[in-house]
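Student: Going by my numbering, the sequence shown opens with residue 75, and the numbers climb by one from there. All C-beta atoms in this analysis are idealised placements derived from N, C-alpha and C, irrespective of residue type, glycine included. Since we're looking at a predicted model, the values are computed, not measured.
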Amino acid sequence: MSTELLNLFSATFVTFFVLIDCLGVAPVFASMTAPGGAKYARRMAIKSVIVATIIVFAFAFGGAWLLDQMHISIDAFRAAGGALLFLIALDMVFEKRTERRENRAEEHMSDHHVPEDDISVFPLGIPMLAGPGTIATAMLYMGNAEGDVMEQIVVLSALGINMVIVLIVFLIAGPLIRFMGDSVAGALTRILGVILAALSIQLLIDGIKGAFNLG
75 MSTELLNLFS ATFVTFFVLI DCLGVAPVFA SMTAPGGAKY ARRMAIKSVI
125 VATIIVFAFA FGGAWLLDQM HISIDAFRAA GGALLFLIAL DMVFEKRTER
175 RENRAEEHMS DHHVPEDDIS VFPLGIPMLA GPGTIATAML YMGNAEGDVM
225 EQIVVLSALG INMVIVLIVF LIAGPLIRFM GDSVAGALTR ILGVILAALS
275 IQLLIDGIKG AFNLG
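If you want it as structure tokens, here you go:
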């Protein structure tokens, strides 16, 4: 793999890892599936990851066509995506994102009987895994790689590996949460939020420079 492709893989992998935030989703997943037992949790883990992967891959492949139909340039989408990711990063730094996930999980559990309810599509698949930030980023990176098959393969590989990591984390969510503790999980979320903020600012700058031909 060339240095350019390796750099693309690193940037894409880190961005998706931060956005999906499997370590942040794991406590919510564990609490939502605990009443159903190990078999139920395993089934929801597999199905939610499959659902999220299909959704994000669909937008990754169809994103360029969608933007073209809406007459939106990739630079405008890059700038908008950067702004969106920055807001997500702020939520992560101040732990608002985790709080909303927990509230959503509590609301869902209060309205449904967990052992019989399929939560793989909502709220696990959407929006916890395949959220707007992840979908927008997949469209952005695939749009940037349009016409270059190797770059597209690198982007999809980075996304696919992240989804495999999510599945592994979900399958060991119970022991992992007990090992990490709330303080460690919170610290990791804040650190990942700072990294995402830097990446989002770079995307915003690149989008503005491209839109106004600033070189």
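According to DSSP, is I239 part of a helix, a strand, or is it coil?
Tutor: Correct three-state label for I239: helix.
Student: How many angstroms separate the CA atom of A204 from the CA atom of L288?
Tutor: 33 Å
Student: Quick one: what does DSSP say E78 is sitting in, helix, strand or coil?
Tutor: DSSP places E78 within a helical segment (H, G or I) once states are collapsed to three.
Student: Let me know the secondary structure DSSP gives M144 once reduced to three states.
Tutor: coil
Student: Pairs of beta-carbons, one from the stretch 142–155 and one from the stretch 244–252, closer than 8 Å: are there three or more?
Tutor: Not touching, per the Cβ criterion.
Student: Can you grab the Cα-Cα spacing for the pair M216 / Q226, in whole Å?
Tutor: 6 Å
Student: If you draw a straight line from the alpha carbon of A132 to that of V228, how long is it in whole angstroms?
Tutor: 16 Å
Student: Rounded to whole angstroms, what is the Cα-Cα separation between A154 and L161?
Tutor: 11 Å
Student: What number of angstroms, rounded off, separates the C-alpha of L141 from the C-alpha of M213?
Tutor: Taking the straight line joining both Cα atoms gives about 9 Å.
Student: Mapping the DSSP letters down to three states, classify L262 as helix, strand or coil.
Tutor: helix
Student: Under the three-state reduction of DSSP, which class applies to G281: helix, strand or coil?
Tutor: helix
Student: In whole angstroms, what is the alpha-carbon distance linking I275 and M237?
Tutor: 25 Å
Student: Beta-carbon within less than 7 Å of I94's beta-carbon, same chain only, minus the 5 sequence neighbours each way: which residues are those?
Tutor: L203, T208, N236 and V240, listed in sequence order.
Student: DSSP on D95, reduced to helix/strand/coil?
Tutor: coil
Student: In three-state DSSP terms, what is L159?
Tutor: helix
Student: What is the DSSP secondary structure of E169, reduced to helix, strand or coil?
Tutor: coil
Student: Where do the N-terminal and C-terminal ends of the alpha helix (DSSP H) with A108 fall, by residue?
Tutor: That residue, A108, is in no alpha helix (DSSP H); it is neither H nor E in DSSP.
Student: So, at 8 Å on beta carbons, what are the nonlocal neighbours of F286 in its own chain, with the 5 sequence-adjacent residues on each side left out?
Tutor: none
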